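Plus 1 on top of the position in the sequence shown (first one is 1) and you've got our numbering.
Don't be surprised by glycine CBs; every beta carbon is placed ideally from N, CA and C.
Everything numeric in this text was worked out from a predicted model, so none of it was measured.
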Amino acid sequence: MKAILIASLGAMIPRLIFVACLVGCLSGCKEPPKPSKEPGTPKLTQYQLSVSKNFESEPFSKPYANWKKSLLKNLGYSESKISSRDFLITDLILSADGKPSGHRVYVSREDPRLFLIPEIGVLISFDENIVGTMGVEGISRHLTHDKNFAVLIHPSGGRHFLGVPVGNLKTESPEPKFQGKQSVTFHR
């Protein structure tokens, strides 16, 4: 009995589609309805970072060095087998859609043209003209309690921290636009 019922339904489907199209034509519908955008599609935010020549940053101090040493020890890393980068808080302002974002901007101790924005997970290299995402190859970021000092750790010892570039097909965002060595606009 169930098999007969299922077969009957299978035969009725083309007829139902025909009737639905006929009703649409008679009611003045010229085109099939267009699919709407999925509500879960995130809107990209436009960020801009302008680096002034005389921005200020937190000075590196012995307590930060001790904190980093303790962090590496507690994570079970040997400093000789990993790569790490130190970042210090700056007074630079990251804009989001034309307004100050409130996200903190950090500068690398080793490379004053490399910036970290941990809240949105990006590194910005003005020397390489790359905005890279974080969270690949096991790279982790750690901030002190006062959030004035950050450490990136590459556990496999690699020296490349930039991750997947923003503007790559994987990030589904447009290419960043660098204006010389002092300003960049990107979407995330």
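Practice problem: Could you tell me which of Gln49, Trp68 and Thr46 sits nearest to Phe150, measuring between CA atoms? | Solution: Trp68
Exercise. Answer with buried or exposed for Arg160, where buried requires no fewer than 16 other C-beta atoms within 10 angstroms of its C-beta.
Key: exposed
Quiz item: Going by Cα to Cα distance, which pick from His155, Leu93, Asp128 and Glu138 is closest to Tyr1?
Solution: This structure gives no information on residue 1, because the portion of the chain shown stretches from 2 to 189.
Exercise. Indicate whether Ile191 and Pro166 have their beta-carbon atoms separated by less than 7 angstroms.
Key: Here the chain has residues from 2 to 189 only, and residue 191 is not among them.
Practice problem: Go through its chain and collect everything with a Cβ distance to Lys82's Cβ below 8 angstroms, but skip five positions before and after it. | Solution: Gly158
Self-check item: Inter-residue spacing [alpha-carbon to alpha-carbon] between Gln180 and Phe187
Solution: 11 angstroms
Practice problem: Give the straight-line distance between the Cα atoms of Glu59 and Leu89, rounded to the nearest whole angstrom. | Solution: 6 angstroms
Self-check item: Gly122, DSSP secondary structure in three states
Solution: coil
Quiz item: What is the DSSP secondary structure of Ser53, reduced to helix, strand or coil?
Solution: coil
Quiz item: Given a threshold of 16 other Cβ atoms within 10 Å of its Cβ, counted over all protein chains shown, does Gly164 qualify as buried or as exposed?
Solution: buried
Quiz item: What are the start and end residues of the beta strand (DSSP E) that includes Leu72?
Solution: From DSSP, Leu72 is part of no beta strand (DSSP E) but of the alpha helix (DSSP H) over Lys63 to Leu76.
Quiz prompt | Start and end residues, beta strand (DSSP E) containing Ile154 | solution = Phe150 to His155
Exercise. For Phe187, name the three-state secondary structure that DSSP assigns.
Key: strand
Quiz item: Is the beta carbon of His146 sitting closer than 7 angstroms to the one on Val152?
Solution: no
Quiz item: Along the chain, where does the beta strand (DSSP E) that runs through Val132 open and close?
Solution: Ile131 to Thr134
Quiz prompt | Ser184 versus Arg114 - alpha carbon distance | solution = 11 angstroms
Self-check item: Proximity winner among Lys178, Gly103, Leu72 and Phe56, relative to Glu129 (alpha-carbon distances)
Solution: Lys178
Quiz item: Just how far apart, CA to CA, sit Thr1 and Gly139?
Solution: Nothing in the structure corresponds to residue 1, since the chain is present only between 2 and 189.
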